[in-house]
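Residues 345 to 835 (the numbering used here) are what the sequence shown spells out, left to right. Built from N, CA and C at the ideal position, the CB exists for glycine as well. Being a predicted model, the structure only gives us computed values, none of them experimental. Everything on this sheet refers to the single structure shown next.
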Amino acid sequence: MNFIDATTQEVDAAVREAHLAYLSYKNLSGKKKGEFLRAIADEIEALGDTLVQTTMRETNLPEARVISERGRTTGHCRMFAQLVEEGSWVEARLDSAQPQRAPLPRPDIRKMLVPIGPVIVFGAANFPLAYSTAGGDTASALAAGCSVIVKAHPAHAETSELVAGAIKKAGTKTGMPPGVFQHLHGMSFEVGQALVNHPLIKAVGFTGSLVGGKALFDLANKRPEPIPVFAEMSSINPVYLLPESLAKNFEKTAVMLANSITQGVGQFCTNPGLVIAVDNDGLKKYIKRLSEEIVKAPAGTMLHQGIANNYHKRVAETLAQKGITIEAQGAEGSALQGRATIVSVAAKDFLKNPMLAEEVFGPLSLIVKCADINELNAVVARQHGQLTSSIIGEEAEIEKHQNLLNLLKEKAGRLIINGVPTGVEVAPSQNHGGPYPATTDSRFTAVGTDAVKRFVRPVAFQNFPESVLPPELKTGNPLNIWRMTDGNWSK
Ligand code: NAP
């Protein structure tokens, strides 16, 4: 099916409608917004097999993966519904007036989070449901009280159209203002760029490549009124193998990492693209065992030809770098398929070559062999910001490497012990973000309930009479939410 790019007039009309819808949507109760989010989940489920088959056809993803991604998408819509129905997420703070305070009286001040305004969402090719039209950005922005315009990803435009239809239907059924959610197509960058440049747009949620995210971030910062861009971009998710554990557990570690590297043809932002260890007997055994697994890996069909071409190009570039050795490769496959590839390099060569620390999107993993723990620490210091960093080690051994832990805290948004980075649990405690270039703003997460914080801003209300205070801040706490009053938490 062919979709036509939105014209400049259509972009402008969509943003104006989103702005109008925002002005009434933001004032709806958490209960009403929750109803809308729950209806979105129901309508997505009601698309049934049509959605599953369309997504499979457009993305080459297997059925089980599409079904589980749909579950994750409807799951996060219901999670945000629960959050706004409960209501404490607005972080209400009340500080009572102290008219007798000397030398100056203190006014009554109350503060809460309010929505930021209409938001543009760009989804990624590799998560056609969970990071796309009804993905975490859309669900969290709607939960915050913002209206949303999605720029459909051209690699799964039909899937996007189906999900957009479900969201619109949910809006009509639950009485939402028309225009609270809108969906525009665009094969060219112009549609996305015009949306980001529109003066009525107040924030951007982006998941995708570093080049795309940085381009939109720069564009938003050049506007007469700059706006925040929450771009989730590239990460190579280093895994550090500590020597004592590796000597004992090389077999288990190799199998675990082989599965993580090849899962989904390596097309995850959490793929372990870098493995770092001290070069010793344990590492040799690990590489041998990992290689046995990798040579068995079938070539996997990638999301689309562009992603496959880019993977082949980046693998060839990596193989041409000084000091690179091929340790193992899986089956070769067609031009649309990705071949699992494990390469290694001495830390001294890695440290001299910044290109080796950049993301290769697909099933490639680079092993960096360090002469000793000092060189390993030097490799850590050279890392860019990451979504995750993992340490495989015994508890007593990890305790001895406090220095490594301290360094990693500076570099990543999620630290993992004895596990792989793939598989992002959707939970309030989750952090899916990290220092640049993993994201453009490491203070926020794209996954979990705190994702809502990207699309709000605080407002303080000073000396407001009860009658005009928002219900969240009224003295009697009619919504029965958790609040901090004069320094104490209470309901
Ligand atoms: P992409 O090519 O950057 O596309 C993402 C979206 O942004 C598309 O709608 C694209 O539109 C638009 N876009 C890209 N560059 C643009 C520009 N200069 N101006 C206007 N719009 C622009 O990314 P992708 O190939 O879909 O996704 C793969 C990447 O996403 C990988 O690097 C992966 O690691 C990353 N990713 C990150 C996370 C995370 O949470 N950190 C999660 C999943 C994926 P067009 O298609 O029309 O160009």
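Coarse secondary structure for residue i, derived from DSSP in three states
i      : result
Leu367 : helix
Phe805 : strand
Lys744 : coil
Phe347 : coil
Thr482 : helix
Leu618 : strand
Glu636 : helix
Lys546 : coil
Pro459 : strand
Ser811 : helix
Lys512 : helix
Ile464 : strand
Asp625 : helix
Thr793 : helix
Tyr630 : helix
Thr783 : strand
Val609 : helix
Boundaries of the alpha helix (DSSP H) in which residue i is found, first to last residue
i      : result
Pro587 : Pro587 to Thr606
Thr819 : No alpha helix (DSSP H) contains Thr819, which DSSP labels as neither H nor E.
Glu671 : No alpha helix (DSSP H) holds Glu671; the beta strand (DSSP E) holding it covers Thr669 to Gln673.
Asp562 : Leu554 to Lys566
Ser412 : Glu407 to Glu430
Ala722 : Ile717 to Arg726
Gln444 : Here Gln444 belongs to no alpha helix (DSSP H), and DSSP marks it neither H nor E.
Ala690 : From DSSP, Ala690 is part of no alpha helix (DSSP H) but of the beta strand (DSSP E) over Thr685 to Ala690.
Ile651 : Gln649 to Leu663
Glu534 : Phe533 to Asn541
CA nearest to the CA of residue i, picked from the options
i      : options                           : result
Glu637 : Tyr655, His656 and Ser604         : Ser604
Thr662 : Leu618, Val812, Asn721 and Ser504 : Leu618
His500 : Thr403, Leu817 and Glu569         : Thr403
Val796 : Gly667, His776 and Tyr630         : His776
Gln673 : Ala660, Val687 and Ala679         : Val687
Tyr780 : Gly530, Ile580 and Thr398         : Ile580
Thr783 : Lys755, Pro568, Gln353 and Gly831 : Lys755
Pro642 : Gly667, Gly610, Arg658 and Glu671 : Gly610
Gly767 : Lys753, His745 and Val791         : Val791
Ala715 : Ala740, Tyr655, Ala621 and Ala804 : Ala621
Asn624 : Ala690, Val639, Thr819 and Asp562 : Ala690
Lys632 : Lys596, Ala771 and Ser412         : Lys596
Thr352 : Gly536, Arg401 and Leu448         : Gly536
Distance, residue j Cα to residue i Cα
i      : j      : result
Glu534 : Glu576 : 21 angstroms
Arg360 : Val540 : 13 angstroms
Leu554 : Ser578 : 6 angstroms
Tyr475 : Leu601 : 24 angstroms
Ser440 : Gln806 : 10 angstroms
Asn697 : Ser709 : 16 angstroms
Thr417 : Asn721 : 39 angstroms
Tyr630 : Phe471 : 31 angstroms
Ala684 : Thr477 : 30 angstroms
His542 : Gly479 : 23 angstroms
Leu695 : Lys666 : 11 angstroms
Lys835 : Leu823 : 9 angstroms
Ser412 : Phe424 : 18 angstroms
Ala538 : Thr829 : 44 angstroms
Pro587 : Ile735 : 11 angstroms
Tyr584 : Ala598 : 13 angstroms
Ile760 : Glu379 : 36 angstroms
Asn832 : Val458 : 22 angstroms
Val573 : Asp562 : 9 angstroms
Phe788 : Ala485 : 13 angstroms
Asp349 : Pro498 : 10 angstroms
Thr399 : Pro815 : 42 angstroms
Glu429 : Met520 : 16 angstroms
Residue span of the beta strand (DSSP E) that contains residue i, given as start and end
i      : result
Cys714 : Leu708 to Cys714
Val573 : Val573 to Glu576
Arg758 : Ala756 to Ile761
Gln324 : The structure shown has nothing for residue 324, since the chain only spans 345 to 835.
Met828 : Arg827 to Thr829
Thr398 : Here Thr398 belongs to no beta strand (DSSP E); instead the alpha helix (DSSP H) covers Gly392 to Thr403.
Val492 : Val492 to Lys495
Thr732 : Gln730 to Ile736
Asn832 : Asn832 to Ser834
Within-9 angstroms CB hit, residue i to chain B
i      : result
Arg798 : As a matter of chain content, chain B is missing from the structure shown, which is built from one protein chain.
Residue i Cβ short of 8 angstroms to the ligand NAD heavy atom set
i      : result
Pro815 : The ligand NAD is not part of this structure, which contains only the ligand NAP.
> When the Cβ atoms of the stretch 640 to 651 are set against those of the stretch 729 to 740, are three or more pairs found closer than 8 angstroms?
Replying inline: Taking 8 angstroms as the limit for Cβ pairs, the verdict is that the stretch 729 to 740 does not touch the stretch 640 to 651.
>> For the pair the stretch 743 to 754 and the stretch 698 to 708, tell me if three or more CB-CB distances fall below 8 angstroms.
In response: Between the stretch 743 to 754 and the stretch 698 to 708 there are fewer than three inter-stretch CB-CB distances shorter than 8 angstroms, so the stretches are not counted as touching.
> Would you say the stretch 405 to 413 touches the stretch 366 to 376, given that touching needs at least three Cβ pairs under 8 angstroms?
Replying inline: Not touching, per the Cβ criterion.
>> Could you check whether the stretch 493 to 507 touches the stretch 457 to 471, counting it as contact only if at least three pairs of C-beta atoms, one from each stretch, sit closer than 8 angstroms?
In response: Touching, yes, given that three or more Cβ pairs across the two stretches are closer than 8 angstroms.
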